[in-house]
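Have a look at the structure below before the remarks.
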Amino acid sequence: MRVIIAELKQESNTFAPLTTVEDFNGFHLLYGHDVIEKLQGTNSEIAGFLNVLKAKGHEAIPMMAAFAVSGGPLTAEAYKFLTERLYSGIRSAGKIDGVLLALHGAMVSVGESDADGAIIEKVREIVGSDVPIMVTMDLHANITKKKIKNATTISGFRTCPHIDLIETGERAARMLCGILEGTSNPTMAWQKVPMVTPACKQIDFKPGSYRDLLQETISLDLRGAIDSSAFTVQPWLDIPELGYGAIVITENNLSLAKELTSQLAQKMWELRSDLIDISLLTPSQAIEIALKKSSGPVVMSDLADGTGAGSPGDSSAVLAALVAAKPNKRCLVSVCDPEVALLAASVGVGAEISTSIGAKRSFEFCTPTQITATVIRSGVEHFRFTQKGYNGMRVEMGLCAVLEIGEIRVLVTSLPAFTTDPEFYRCVGLEPSTAQIVVVKSHAQFQDSYDAIASEIIFLDTPGMSSDNVAELPFTKIDRPLYPWDLDLVFDARVAL
Ligand SMILES: [Zn+2]
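Each residue of the sequence shown is one higher than the one before, counting from 0 in numbering that gives the first Met the number 0.
Structure follows, in structure tokens:
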């Protein structure tokens, strides 16, 4: 059997500046056989597809693999360019028996609030109603009617931070092979739950409500599901149909699929008040606590500027608080600011610069900071993830500089790189484990690696477009009522089904 495999992933934050095709180069943009060459054996959905297809003796036809760092919606040009490559590839692939698509599920483009839904709809139109289309998504996907209508099945990650990309790809591919071999008829039910919750609480490696919820999907497998997913949607999507989504797939049993979906949806709703219960400190409060501690590092999450959540990573709010605190212990902080990186390169290592830094792209939310600093390193930098989630994947940081302000070390990048892995600092000679304060711009993913070295983790209340004070962001297009905007909302999953 001949199976199309493709990936087109980006997590959009509708409050963030637009994403272009060039932004995909920060992770990868591959076509044809390069998809297999570069992604085989990595922790990716594509690698999961390949494992199963190979084991079952089916032919994988690689179309494209496009993955960009989280950011604003795709420009109309970027969306058209990428999707046309995908559609024309499928049209010219000859007779095909199945499609495996790795999407994010929370991608938006200018003019298309449900970009993933539109992609599945178009692929369905091209391949026809008889060809199965199995889709994988990030668990932060926003499930919509259009996605459900056009996909045969949708499977989501079951971990957060996400470490099960390959397994998710394998789950989808196994269901496809069951159909192709005539041994299975996966039957999907779904339900929306009118709630949105902060991202920093969405971690599953510590006990708590969120872990309980993800464990529920695994326990559904023991109660008759062949696949199930809790889509706990990322909150920075000012679009219609925003909310949690539950999906359960059974072996040819729609009533059981509906019953189990209702149970999963009810579990989501019951946990809602705990899932929004977070405590955030101001940067100065957090710095005061950290500097009094005898042991470090205290890892502070400037989550409102989270690069994994679509923010540009260019807020200097925490840097400003650090400069004001005049710390006598080592502090590591980063700001994405290509102009300052260029300035540092032009004056060279050892020179002093006085400049305004930050808020070049997030100026509607943040303000720049005036600094005087010494350039102690300058050059083009990259690192590879050592975390389980994207292990081995190369991350481009562009032209960078390390600036010294007393005990503060400022890593200035030109690209909004993920800050979740200690390698982000180590690759420029800065060691997080011996610092007193380490600032990351991440809600959940950083806890996977920093938990082992942090003496304490503090979530900050800072300005930015990926704030976890979601009810304070300027939403205008979401459907209401929606929790937590409407705290008195009554919902019963069993009745809603
Ligand atoms: Zn995610």
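For each residue, glycine too, the CB sits at the ideal point set by N, CA and C.
Chain-order list of residues whose beta-carbon lies under 7 Å from that of residue i (same chain, five-residue window excluded)
i: D22; result: A67, V68, G70
i: L342; result: I352, T354
i: N327; result: E406
Reference residue i, options the options, closest by Cα
i: F362; options: S345, C335, Q386; result: C335
i: E76; options: V107, E58, L102; result: V107
i: P185; options: V192, I132, P480, C159; result: I132
i: V438; options: D447, V427, T419, G391; result: T419
i: I404; options: G47, A114, A372, A303; result: A372
i: V247; options: S218, S294, G295, A5; result: S218
i: E111; options: A340, P431, L102, Y78; result: Y78
i: V298; options: K200, A434, F26; result: A434
i: T368; options: S314, A400, G388; result: S314
i: K291; options: E455, M0, Y209, K37; result: E455
i: A188; options: L164, D226, A172; result: D226
i: K325; options: G305, V489, S283, F384; result: S283
i: F230; options: L221, D220, Y243; result: Y243
i: A451; options: A198, F204, I3; result: F204
i: Y86; options: L28, T182, A5; result: A5
i: V134; options: I153, S128, K144, I125; result: I153
i: L73; options: K8, I277, L486; result: K8
i: A65; options: T475, I45, I142; result: I45
i: M396; options: D220, F490, L212, L414; result: L414
i: N251; options: F474, I370, G177; result: G177
DSSP state of residue i mapped onto helix, strand, coil
i: A41; result: Inspection of the sequence shows that residue 41 is occupied by Thr rather than by Ala. DSSP places T41 in coil when its eight states are reduced to three.
i: I481; result: The residue asked about is misnamed: residue 481 is Leu in this sequence, not Ile. Reduced to three states, the DSSP call for L481 is coil.
i: V51; result: helix
i: F80; result: helix
i: I217; result: helix
i: C330; result: strand
i: T461; result: coil
i: A105; result: coil
i: W268; result: helix
i: T281; result: coil
i: I35; result: helix
i: C426; result: coil
i: F382; result: strand
i: E180; result: coil
i: K145; result: helix
i: F23; result: helix
i: L398; result: strand
i: K440; result: coil
i: E166; result: helix
i: D392; result: Residue identity differs from the one stated: residue 392 is Met in this sequence, not Asp. Three-state DSSP puts M392 in coil, outside helix and strand.
i: Q446; result: helix
i: P415; result: coil
Residues near residue i in its chain [Cβ-Cβ closer than 6 Å; skip 5 each side]
i: T366; result: A358
i: Q444; result: P160, G307, T419
8 Å Cβ shell around residue i - same chain, five flanking residues per side excluded
i: R376; result: V348, C399, A400, V401, V427, G428
Proximity test, Cβ basis, 8 Å: residue i and chain B
i: T74; result: Checking the listed chains, one finds no chain B in this structure; it contains a single protein chain.
Exercise. What residues does ligand 3 have around it, judged by CB closer than 5 Å to any heavy atom, in chain order?
Worked result: No copy of ligand 3 appears in this structure; the ligands present are ligand 1.
For this session: Say whether the region 186-204 touches the region 469-484, bearing in mind that this needs 3 or more beta-carbon pairs closer than 8 Å, one atom from each stretch.
Result: yes
For this session: Tell me, please, whether the region 9-26 touches the region 236-245 by the rule of three or more beta-carbon pairs shorter than 8 Å.
Result: Touching, yes.
Exercise. Is the number of C-beta pairs between the region 134-144 and the region 94-108 that are closer than 8 Å three or more?
Worked result: Pairwise C-beta distances place the region 134-144 in contact with the region 94-108, as three or more of them are shorter than 8 Å.
Exercise. Is the region 259-273 in contact with the region 204-216, if contact means three or more CB pairs nearer than 8 Å?
Worked result: yes
Exercise. Does the region 50-68 come close enough to the region 155-174 to have 3 or more Cβ pairs within less than 8 Å?
Worked result: yes
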